[in-house]
Amino acid sequence: MSHGFDTLAIHAGQDPEARTGAVIPPIYQTSTYAQDAVGAPRQGYEYSRSGNPTRDALQECLAALEGGPVGLAFASGLAAEDALLRTVCVPGDHVVIPDDAYGGTYRLFAKVAERWGLSYTPAKVSDPDAVRAAIRPGSTKIVWLETPTNPLLGIADIATLASVAHDAGALLVVDNTFASPYLQQPIALGADVVVHSTTKYIGGHSDVVGGALVAADAALGEELRYHQNAMGAVNGPFDAWLTLRGIKTLGVRMDRHCDNAERIAAYLDGHAKVAQVLYPGLPSHPGHEVAAKQMRRFGGMISFRAAGGEEHAVEICNRAKLFVLAESLGGVESLIEHPGRMTHASAAGSPLEVPGDLVRLSVGIETVEDLLADLEQALG
Numbered sequence: 004m005s006h007g008f009d010t011l012a013i014h015a016g017q018d019p020e021a022r023t024g025a026v027i028p029p030i031y032q033t034s035t036y037a038q039d040a041v042g043a044p045r046q047g048y049e050y051s052r053s054g055n056p057t058r059d060a061l062q063e064c065l066a067a068l069e070g071g072p073v074g075l076a077f078a079s080g081l082a083a084e085d086a087l088l089r090t091v092c093v094p095g096d097h098v099v100i101p102d103d104a105y106g107g108t109y110r111l112f113a114k115v116a117e118r119w120g121l122s123y124t125p126a127k128v129s130d131p132d133a134v135r136a137a138i139r140p141g142s143t144k145i146v147w148l149e150t151p152t153n154p155l156l157g158i159a160d161i162a163t164l165a166s167v168a169h170d171a172g173a174l175l176v177v178d179n180t181f182a183s184p185y186l187q188q189p190i191a192l193g194a195d196v197v198v199h200s201t202t203k204y205i206g207g208h209s210d211v212v213g214g215a216l217v218a219a220d221a222a223l224g225e226e227l228r229y230h231q232n233a234m235g236a237v238n239g240p241f242d243a244w245l246t247l248r249g250i251k252t253l254g255v256r257m258d259r260h261c262d263n264a265e266r267i268a269a270y271l272d273g274h275a276k277v278a279q280v281l282y283p284g285l286p287s288h289p290g291h292e293v294a295a296k297q298m299r300r301f302g303g304m305i306s307f308r309a310a311g312g313e314e315h316a317v318e319i320c321n322r323a324k325l326f327v328l329a330e331s332l333g334g335v336e337s338l339i340e341h342p343g344r345m346t347h348a349s350a351a352g353s354p355l356e357v358p359g360d361l362v363r364l365s366v367g368i369e370t371v372e373d374l375l376a377d378l379e380q381a382l383g
C-alpha cells in the first residue's frame, strides 16, 4: 500500500519501538554494541560509524520521501557531496556544475577535488544546450544540478537534463536542498542521485547540521554506503533524531514557507527600491513554466537585486530586524544575507561570482504582515 507524503514523513522508518512501544524512535547514543558471538553481531550492529538504529530510521525515511531504494545520512551536506564524488569519480574524470552553484559546492570542486585530479566546467543549467556543450565525451561522469540554484534561483529541467546526461554516459545528480522532497522529487524525473543539506528545510529548525544522499539504483546506493562507512563522515544519533523530528512537519512547514514567499515576492516585484526579483513563482521568471511542471510549489527562497547597488544591498541586510542577518536557510525563522560577502564569498573572482547588489531571503513561517513591514523599513 502506498502512502501520501505527510504519512511517510511521520511513519517511514519510525515504527513504535519493539521493547517498550515508544512512539518516537529512541536515541541510540552508543559507540559500540555487544555481539552474540565472534562474527555474529546482533541485528548487524557492530560500531556506530558503520550502523546506528537512529541513523537507520532517518535513512529509511529519507529514501521513502525521495522515492529511492537507498538513503544515507551524513554529518553535513558537503560531507555527502564529498562521499558521492569519491564514490563515482576517479582522478582524471570531469563534472559539469551549475554556473551559480552554492559557494561551498564550488569550493569543494575548486579547492579540494581539483587538487585530487577531478576537473569541472560551470554551465548555465537552465540551458540544456549549454550543459550539452560542457560535457566532455568519455570523461564526464556527473552532470550536477541545483534547481532552484543558490543564490540566483535558476531552474533546470530535470527530465531533459537526465536524458542529456544519460546520453553521454554520465549520472545526473540533483541538489534538492532548496525545494525539499515535498516540493520536488528528482528521482521520479530521471535523476540518479539526490543530494540534500538536511540542515535546511528537512531539519527545518536551525538546530542541527546534516546531509543526505538518496540513490535511484540499489547497487549504486550500496557503493555509496560502503564509502559512507569507509570515509566516516556520518551524523551522530542525536543529530539524526533531531532531523527526524523536523521531517515530521516538513509538508506543513513548506506550505507556509511558500505562502509567505509568494506574498513577499509579489510585494518586492516592481518596488521602487528593487531592481529585479528572482523567484520562480513569478510568471516573469524565465524558468517559471519548467518550475510549475516539476515542482508542487515554488519554495521559500527569494533573491533580489537592490536598485541602489551593492552598498544599498548591504544596508538592507544590516537594517533588517525580524529577518535575521545570518547564513544558512530553511528554518522556521526568516533570514537575510548578502551572498557576495557571506555564503558565496568563496566564489569571488571566479565564473561563479554573484552580483554585489544581490540580497537573499530565506522566508520563514512568521506572520507575513510582520515580514512585509520589516522589509519595508529595511529597503529604506
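Counting with the numbering used here, you get residues 4 to 383 for the letters of the sequence shown. Note that CB positions come from ideal geometry on N, CA and C, so glycine has one too.
Check: With burial defined as no fewer than 16 other Cβ atoms inside 10 Å of the residue's Cβ, what is the status of Thr201: buried or exposed?; Outcome: buried
Check: Mapping the DSSP letters down to three states, classify Pro101 as helix, strand or coil.; Outcome: strand
Check: Would you report the Cα separation of Val293 and Asp160, rounded to the nearest angstrom?; Outcome: 6 Å
Check: Measure the C-alpha to C-alpha separation of Glu314 and Gly16 and round it to an integer number of angstroms.; Outcome: 49 Å
Check: Using the Cβ count rule (16 or more neighbours within 10 Å means buried), how would you classify Gln32?; Outcome: exposed
Check: What span of residues does the alpha helix (DSSP H) with Phe181 cover, start to end?; Outcome: That residue, Phe181, is in no alpha helix (DSSP H); it is neither H nor E in DSSP.
Check: What are the start and end residues of each continuous beta strand (DSSP E) run of 3 or more residues lying completely inside the segment 124-154, in chain order?; Outcome: 143-149
Check: I need the boundaries of the beta strand (DSSP E) containing His199, first residue and last residue.; Outcome: 196-200
Check: Check the DSSP bridge columns for Tyr50 and list the partner residues they point to.; Outcome: Thr35
Check: Going by alpha carbons, who is nearest to Ser331 out of Leu364, Ala323, Arg308, Trp244?; Outcome: Leu364
Check: By Cβ distance, which residues of its chain are closer than 6 Å to Ala67, with the 5 residues on each side in sequence left out?; Outcome: Leu11, Ala15
Check: In terms of DSSP beta bridges, what is Met304 paired with?; Outcome: Ser365
Check: Extract the residue ranges of the alpha helix (DSSP H) inside the segment 267-345, only unbroken runs of 4 or more that lie entirely within it.; Outcome: 291-297, 312-322
Check: Between the segment 151-171 and the segment 101-111, do at least 3 Cβ pairs fall closer than 8 Å?; Outcome: yes
Check: How big is the Cα-Cα spacing for Trp147 and His260?; Outcome: 26 Å
Check: Identify the continuous alpha helix (DSSP H) that holds Val371 and give its terminal residues.; Outcome: 371-382
Check: Tell me, to the nearest whole angstrom, how far the beta carbon of Cys92 is from that of Val98; I am working on the premise that it is less than 8 Å.; Outcome: 7 Å
Check: Any idea if Asp18 is buried or exposed, counting beta-carbon neighbours within 10 angstroms, 16 or more meaning buried?; Outcome: exposed
Check: Please confirm if the segment 241-261 is in contact with the segment 197-217, defined as three or more CB-CB distances below 8 Å between the two stretches.; Outcome: yes
Check: Compute the Euclidean distance between the alpha carbons of Asn263 and Leu164, then round it to the nearest angstrom.; Outcome: 30 Å
Check: Have a look at Trp244 and Leu175 and give me their C-alpha separation to the nearest angstrom.; Outcome: 30 Å
Check: Should Lys2 be labelled buried (16 or more other beta-carbon atoms within 10 Å of its own) or exposed?; Outcome: Outside the displayed span of the chain (4 to 383) sits residue 2, for which this structure offers no information.
Check: What do you get for Ser5, buried or exposed, if any count of 16 or more other CB atoms within 10 angstroms of its CB means buried?; Outcome: exposed
Check: What does DSSP give as the partner residue(s) for Val73 in the beta ladder?; Outcome: Ala218
Check: Does the Cβ of Ala316 have 16 or more other Cβ atoms within 10 Å, making it buried, or fewer, making it exposed?; Outcome: buried
Check: With contact counted as at least three CB pairs below 8 Å, one residue from each stretch, are the segment 347-360 and the segment 284-293 in contact?; Outcome: no
Check: Taking Ala168 as part of the alpha helix (DSSP H), name the residues at either end of that continuous run.; Outcome: 161-170
Check: Just verifying my parser: in three-state terms, what is the DSSP assignment at Ala12?; Outcome: helix
Check: Please classify Ser122: does DSSP put it in a helix, a strand, or coil?; Outcome: strand
Check: Please report the distance separating the alpha-carbon of His230 from that of Thr90.; Outcome: 7 Å
Check: Going by alpha carbons, who is nearest to Gly302 out of Ala133, Ile138, Pro283, Glu336?; Outcome: Pro283
Check: Once you ignore the five residues that flank Ala236 on each side, which residues in its own chain have a CB closer than 6 Å to its CB?; Outcome: Phe77, Ala78, Ala82
Check: With a 10 Å radius around its C-beta and 16 neighbouring C-beta atoms as the bar for buried, classify Pro354 as buried or exposed.; Outcome: exposed
Check: What residues in its chain sit with their C-beta under 6 Å from that of Asp360, if we drop five residues either side in the sequence?; Outcome: Arg308, Ala309, Gly312, Glu313, Ala316
Check: Roughly how many angstroms separate the alpha carbons of Ala222 and Ala136, rounded to a whole number?; Outcome: 30 Å
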